[in-house]
Amino acid sequence: MDRSAGQEAAPVLSARGLSKSYGGNRVVSDLSLDLPPGGMLGLIGPNGAGKTTLFNLLAGAVRPDGGAILLVGRDVTAQPPRARLRAGLGRSFQIARPFARMTVLENVMTAAQAQTGESALAALLRPARVRSEERAHAARAREILDFVSLSQLEGEPASVLSGGQRKLLELARVLMAEPRVILLDEPGAGVNPALLDLIADRIQAINARGVAVLLIEHNMELVARLCPRVIVMAAGRLLAEGPPSEVTARADVIEVYLEGMPA
Ligand SMILES: Nc1ncnc2c1ncn2[C@@H]1O[C@H](COP(=O)(O)OP(=O)(O)OP(=O)(O)O)[C@@H](O)[C@H]1O
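Residue numbers (the UniProt record's numbering): 1 to 263.
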């Protein structure tokens, strides 16, 4: 079979038959997905569908009961989050919790993948090298803060940031690790419309630089704006996949959303 014509590039991130139960409750069930390099895929579904648990599995925060996760073609299922981060997998959290007393700049710098400066011993033995690495991290953190429009707040404690600004800071922290794929958990939740526009624009810009994005989001306008394709999860399973307008018009998708609504 000739697969060269129209052949898609190998996925940057794949889930193969992932499952996870909590106390007999199957939260993720035989779930598979592929994220192509530089792709942008939405992950939608009603509350409790298992979306965040899937993120936890992909990022390594939770071990699956079954199935496998491949990052750039390598099986990382047994690897801890830090190793996956080093291999290029970044993630943001639904509830951004910056270090409140640290400055905005320091918050971004702590997300750098420390090399020499990671150990106190290195700081003692190679202080010049550690200092020069710190300067490089600060310069890069400033570039990223500029990119997310938080430069003016770099010296302020993170505690002064609004909800939307915290989401931007979270994005900046993810970028500091120079990921090739990012998992974004509800970047638009609780954000005012003006900042939402900025966040959407920045996510698009990150994706345009070749970073693949898997995005959990309840705001369907935002999903439709950002994602050419979405997958729908319901009760831990993959229910549907396709362009947002097609998927959200499906009767089975509408039904699972309605089931979660108060009567
Ligand atoms: N650590 C845990 N222990 C027990 N049950 C859990 C745990 N984590 C998640 N669950 C359960 O798994 C189910 C799926 O939760 P999850 O947070 O993954 O859903 P979600 O699709 O992200 O929901 P939402 O859109 O509300 O964030 C829920 O019923 C939740 O209570």
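Using N, Cα and C, we set each Cβ at its ideal position, and we do this for glycine too.
Note that the structure is a prediction, hence the values are computed from the model and not measured.
Suppose the cutoff is 6 Å on Cβ atoms and the five residues either side in sequence are ignored; what does the same chain contact list for residue i look like?
i    : result
V27  : K20, G50, T53 and G236
A112 : H137 and M176
D34  : P11 and S14
Q18  : The amino acid at residue 18 is misidentified as Gln; the sequence shows Leu. V28, L31, L57, P64 and G67, listed in sequence order.
S245 : none
V76  : I69 and R84
Using a Cβ-Cβ cutoff of less than 8 Å, which residues in the same chain neighbour residue i once the five nearest sequence positions on both sides are dropped?
i    : result
D2   : Its pLDDT being 43, under 50, D2 is placed unreliably by the model, and the measurement read from it follows with that caveat. The answer is none, since no qualifying residue turns up.
G45  : K51, V232, M233, A234, L239 and V256
Q79  : G60 and A87
I95  : none
G242 : R229 and V230
Using 8 Å as the threshold, is the C-beta distance between residue i and residue j below it?
i    : j    : result
L171 : L161 : no
A59  : A100 : no
L43  : L222 : no
L105 : R229 : no
D185 : I216 : yes
S92  : P187 : yes
F55  : L183 : yes
On a CA-only basis, which of the options is nearest residue i? Give me that one, please.
i           : options                   : result
A249        : R225, L238 and M220       : M220
I144        : L183, V108 and T103       : V108
P179        : E217, A139, G38 and A194  : G38
L198        : V148, A83 and G24         : V148
residue 264 : G242, Q204 and R209       : The chain is shown from 1 up to 263; residue 264 falls before or after that span and cannot be answered.
A9          : G73, F55 and G24          : G73
L150        : R202, L183 and R135       : R202
A208        : R140, C227, R135 and E156 : C227
Assuming the contact rule is C-beta atoms closer than 8 Å, residue i and residue j should be a hit. Round their C-beta distance to whole Å, please.
i           : j    : result
L89         : V174 : Actually they are not in contact, since the Cβ atoms of L89 and V174 sit about 10 Å apart, beyond 8 Å.
V232        : V211 : Not a contact, Cβ separation roughly 23 Å.
P98         : R166 : 6 Å
A87         : L71  : 5 Å
residue 269 : T103 : Here the chain covers residues 1 to 263 and nothing more, so residue 269 does not appear.
Looking at the unbroken alpha helix (DSSP H) that takes in residue i, where does it start and where does it end?
i    : result
L153 : Here L153 belongs to no alpha helix (DSSP H), and DSSP marks it neither H nor E.
V108 : V104 to M109
R86  : P81 to R86
I144 : P127 to F147
N207 : P193 to A208
D252 : A251 to E259
A15  : Looking at the DSSP string, A15 is not in any alpha helix (DSSP H); the run it does join, the beta strand (DSSP E), is L13 to Y22.
R225 : M220 to L226
G164 : G163 to M176
A59  : K51 to A59
For the beta strand (DSSP E) that residue i lies in, which residues bound it at each end?
i    : result
L239 : R237 to G242
G90  : L89 to R91
A234 : R229 to A234
A68  : G66 to L71
G42  : M40 to I44
I216 : A212 to I216
R26  : N25 to L35
V181 : V181 to D185
For residue i, I'd like the list of residues in its chain whose CB is within less than 7 Å of its CB, leaving aside the five on either flank, ordered along the chain.
i    : result
V253 : V232, L239, A240 and V247
G163 : G190 and V191
P81  : A59, G60 and A61
A141 : L105, V108, M109 and M176
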